[in-house]
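Undergrad: FYI, the numbering for the sequence shown is 1 to 250, going by the UniProt record's numbering. Just so you know, even glycine gets a beta-carbon here, dropped at the ideal spot from N, CA and C. Treat the numbers as computed from the prediction; the structure is a model and nothing was measured.
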Amino acid sequence: MSPARPDHKIVDRTKIRDGAVANRPIYIALAVTVEGRRDILGLWAGDGGEGAKHWMHILTEIKNRGVNDVLMLVCDRLKGLPDAVETVWPRTVVQTCVVHLLRNSFRYAARQDWDKIAKLLKPVYTAATEEAALERFAEFADAWGKKYPAIVRLWENAWEEFTPFLRFDTEIRRIVCTTNAIESVNARIRRAVKARGHFPNEQAALKCVYMAIMSLDPTGKGQARWTMRWKTALNAFDITFDGRLSAARQ
Numbered sequence: 001m002s003p004a005r006p007d008h009k010i011v012d013r014t015k016i017r018d019g020a021v022a023n024r025p026i027y028i029a030l031a032v033t034v035e036g037r038r039d040i041l042g043l044w045a046g047d048g049g050e051g052a053k054h055w056m057h058i059l060t061e062i063k064n065r066g067v068n069d070v071l072m073l074v075c076d077r078l079k080g081l082p083d084a085v086e087t088v089w090p091r092t093v094v095q096t097c098v099v100h101l102l103r104n105s106f107r108y109a110a111r112q113d114w115d116k117i118a119k120l121l122k123p124v125y126t127a128a129t130e131e132a133a134l135e136r137f138a139e140f141a142d143a144w145g146k147k148y149p150a151i152v153r154l155w156e157n158a159w160e161e162f163t164p165f166l167r168f169d170t171e172i173r174r175i176v177c178t179t180n181a182i183e184s185v186n187a188r189i190r191r192a193v194k195a196r197g198h199f200p201n202e203q204a205a206l207k208c209v210y211m212a213i214m215s216l217d218p219t220g221k222g223q224a225r226w227t228m229r230w231k232t233a234l235n236a237f238d239i240t241f242d243g244r245l246s247a248a249r250q
């Protein structure tokens, strides 16, 4: 398989009755190929305590199935995942999902402050350079650090994996900040899971999620629209990543 840009995403916790009812995460890897096509690489059930060994197993499985190169991996902050990525695909850029970083910020703030916080954070993730982003973040910390120190710590801890996309073309930035594809997948899965309530075992839960994903685009029209939107971004990726996309097409 050609180089891809996978998004690892946690589906809302799913109730699985395997001796006792417990909430378990199900992880989805959604990739974009060099042709701009969406491809869900797999589903994996976790227990919520996943670490580097768990991610190493999953990423090695994906690589063994033919994904030899990954330009960028966009994910939530999952413990041990960056280290596993560096081992399996040393040239891959690990990027924190900006949208989810913002959503996680709101968890620490009163609802009446959300708009004000969002307004001050926008100049951080839309800054032209990392230096400019640091300046804007300092302004945010001065304004909200005393009231919401947890938000400041959240961004400080995520900074190393938040900033890579600031070095990239605007087309790449737009893609990194867009979660429509994975959100549409998650919305369909949430409806399917909610309708079931809980599952007798892990395999039943995975089967339900799989069937929900397979029903997303039965006509293929959505895939065609998605591919067209990616063309400009793919050109930017090829330039930024030194022709690795072009090499994969040969």
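Let's see if you can read the secondary structure: which residues bound the alpha helix (DSSP H) around Y125?
TA: What you label residue 125 is simply residue 125 of the sequence shown in a count that begins at 1. Looking at the DSSP string, the run of the alpha helix (DSSP H) that includes Y125 is 114-125.
Undergrad: Which residues mark the beginning and the end of the alpha helix (DSSP H) in which A84 is found?
TA: Indexing the sequence shown from 1 puts residue 84 at position 84. Start and end: 81-88.
Undergrad: Is DSSP giving C97 helix, strand or coil here?
TA: Position 97 of the sequence shown holds residue 97. Note: C97 maps to coil in three-state DSSP.
Undergrad: State yes or no: is the C-beta of L245 within less than 8 Å of the C-beta of G36?
TA: By one-based count along the sequence shown, residue 245 stands at place 245. By one-based count along the sequence shown, residue 36 stands at place 36. Against a cut-off of 8 Å, the Cβ pair of G36 and L245 comes out as no contact.
Undergrad: Ignoring anything shorter than 3 residues, give me the beta strand (DSSP E) runs that lie fully in the stretch 33-82, in order along the chain.
TA: Those beta strand (DSSP E) runs which fall completely within the stretch 33-82 and span 3+ residues are 38-45, 72-75.
Undergrad: When we look at the beta-carbon of P82 and count the other beta-carbons within 10 Å, is it buried (16 or more) or exposed?
TA: Stepping through the sequence shown from its first residue, residue 82 is reached at position 82. Classification of P82: buried, given that the 10 Å Cβ count is 16 or more.
Undergrad: Which whole-angstrom value is the C-beta distance of L41 and L206, which I expect to be below 8 Å?
TA: For the purposes of this step, residue 41 is taken as residue 41 along the sequence shown, with counting starting at 1. For the purposes of this step, residue 206 is taken as residue 206 along the sequence shown, with counting starting at 1. With a Cβ gap of about 14 Å, L41 and L206 do not count as contacting.
Undergrad: Within the same chain, show all residues whose beta-carbon is closer than 6 Å to that of R91, passing over the 5 residues directly before and after it, in chain order.
TA: Looking up residue 91 in the sequence shown gives position 91. Taken in chain order, the list of residues that qualify is empty.
Undergrad: What would DSSP say about N201, mapped onto helix, strand or coil?
TA: What you label residue 201 is simply residue 201 of the sequence shown in a count that begins at 1. Coil, per DSSP.
Undergrad: For a test of the three-state rule: what should DSSP assign to A150, helix, strand or coil?
TA: Taking the first residue of the sequence shown as position 1, residue 150 is located at position 150. Helix.
Undergrad: Whole angstroms is fine: what's the gap from V209's alpha carbon to K194's?
TA: As a first step, residue 209 must be located in the sequence shown, where it is residue number 209. As a first step, residue 194 must be located in the sequence shown, where it is residue number 194. Roughly 11 Å between the two C-alpha positions.
Undergrad: Within its chain, find whatever has a CB closer than 8 Å to the CB of L154; leave out the 5 residues flanking it on each side and keep chain order.
TA: What you label residue 154 is simply residue 154 of the sequence shown in a count that begins at 1. Within the same chain, L154 has close Cβ partners L101, N104, S105, Y108.
Undergrad: If we count Cβ pairs, one from each stretch, closer than 8 Å, do we get three or more for the stretch 137-157 versus the stretch 117-126?
TA: Touching, per the Cβ criterion.
Undergrad: With distances taken from CA atoms, which of F165, K63, I189 is nearest A127?
TA: Counted from its first residue, the sequence shown places residue 127 at position 127. A127 has its Cα closest to that of F165, out of F165, K63, I189.
Undergrad: DSSP state of H8, grouped into three classes?
TA: The sequence position of residue 8 within the sequence shown is 8, counting from 1. Model confidence at H8 stands at a pLDDT of 43, short of 50, so the residue's coordinates are unreliable; what they give is reported in the following sentence. DSSP places H8 in strand when its eight states are reduced to three.
Undergrad: Could you give the distance in angstroms between the alpha-carbon of K231 and the alpha-carbon of E131?
TA: Translated into the one-based positions of the sequence shown, residue 231 becomes position 231. Translated into the one-based positions of the sequence shown, residue 131 becomes position 131. Rounded to whole angstroms, K231 to E131 spans 30 Å at the Cα level.
Undergrad: Label H57 either buried or exposed according to how many other C-beta atoms from any shown protein chain fall within 10 Å of its C-beta, with 16 as the threshold for buried.
TA: The sequence position of residue 57 within the sequence shown is 57, counting from 1. Exposed: under 16 other Cβ atoms inside 10 Å.
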